[in-house]
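Chemist: The sequence shown maps to residues 1 to 162 in full-length UniProt numbering.
We put the CB at the ideal spot given by N, CA and C, even for glycine.
So that we are looking at the same thing, I have put the structure below in structure tokens.
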Amino acid sequence: MSTESQDYKIVLGVIGADCHAVGNRILTSVLTQGGIDVVNLGVMVAQDEFIEAALSEQAGAILVSSIYGHGELDCQDFRARCEERGLTDIVLYVGGNLVIGKQEFSVVEAQFREMGFDRVFHPSADLQEVIGLLKADIDANRPAQLARNSRPLADERLGLSA
Ligand code: B12
């Protein structure tokens with residue numbers, strides 16, 4: 001694993017009772033190739049499992065998939081639960097077929113943003129674009145002394161730290 005991918009660790013899974021597995025495998029493969037260290041929890045993942053994994057892996061982001069249409073119910077209070085467990089500044093993304101049937105994406109996006117997700121993705125989201133956004137959002141959330149390209153981190157990488 002590259003040093004770069006260790007800088008961008010994320011937890012990924014399909015939430016609730018949702019067993020759609022294909023998108024999850026594609027996301028894992030594309031994100032990994034894009035330099036993201038993916039902790040993939042697979043399908044039928046409970047909110048608390050995402051949170052436990054993010055805490056134990058010290059992940060910078062949680063990516064939630066919901067394909068079967070029950071995203072609103074399954075994602076209810078996710079941000080609040082993260083905060084209760086001390087994940088106060090974790091990046092939260094959600095994507096897939098988030099609601100039942102066809103609804104205007106802008107409405108769905110606004111609804112999930114209101115629920116505390118930083119970004120909301122349509123099923124046809126460009127995954128290369130997602131990788132760029134993810135890296136930028138994780139970087140923006142890093143404590144100042146650990147920011148990428150900061151002096152201490154750069155020194156450590158060059159073997160210059162004490
Ligand atoms: C295969 C399939 C199944 C298989 C799943 C097998 C398996 N283990 O994977 C089976 C037969 C089990 C199944 C069951 C059901 N299914 Co189904 N299924 C499909 C089907 C045909 C293909 C899904 C798929 O693999 N797509 C390909 C992958 C690559 O796409 P994807 O999953 O959308 O993932 C991509 C994007 O969404 C996006 N993405 C996903 N998550 C995230 C997250 C982030 C952060 C980002 C950036 C991007 C992102 O990136 C992924 C990769 O490109 C779709 C129809 C369709 N054409 O999509 C219906 C579909 C998803 N199923 C549907 C339904 C309703 C069900 C059932 C509820 C049916 C029933 N009444 O029993 C059950 C639910 C079972 C359960 N508990 O989950 C509906 C969902 C409707 C909705 N959301 O409004 C669909 C859309 C069919 C339809 N048109 O009605 N299904």
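1) Which term fits Asp25, buried or exposed, when burial requires 16 or more other beta carbons within 10 angstroms of its beta carbon?
2) Distance, Cα to Cα, Leu12 vs Phe105?
3) Enumerated in chain order, which unbroken segments of the beta strand (DSSP E) with a length of 3 residues or greater are wholly contained in the UniProt domain "B12-binding" (7 to 145)?
4) What's the gap between the Cα of Ile138 and the Cα of His70?
5) Out of Leu55, Phe112, Tyr8, Leu41, which one is the CA nearest neighbour of His20?
6) Can we say the stretch 111 to 120 touches the stretch 25 to 34, given the rule of at least three CB pairs closer than 8 angstroms?
7) Only counting the same chain, and skipping five residues up and downstream in sequence, which positions put a Cβ closer than 8 angstroms to that of residue 164?
8) Looking only at its chain, what residues have a beta carbon closer than 6 angstroms to the beta carbon of Leu63, apart from the 5 residues adjacent to it on each side?
9) Does the distance from the C-beta atom of Ala125 to that of Val91 stay below 8 angstroms?
Modeler: Looking at the atomic coordinates:
1) This sequence places Arg at residue 25; Asp is not what is there. Per the 10 Å Cβ criterion, exposed.
2) 22 angstroms
3) 9 to 14, 37 to 40, 61 to 66, 91 to 96, 119 to 121
4) 27 angstroms
5) Leu41
6) no
7) A question about residue 164 goes unanswered here, because the residues of the chain that appear run from 1 up to 162.
8) Excluding residues up to 5 positions away in sequence, Ile10, Leu12, Tyr93 lie with their Cβ nearer than 6 angstroms to the Cβ of Leu63 in the same chain.
9) Val91 is positioned such that its CB atom lies no closer than 8 angstroms to that of Ala125.
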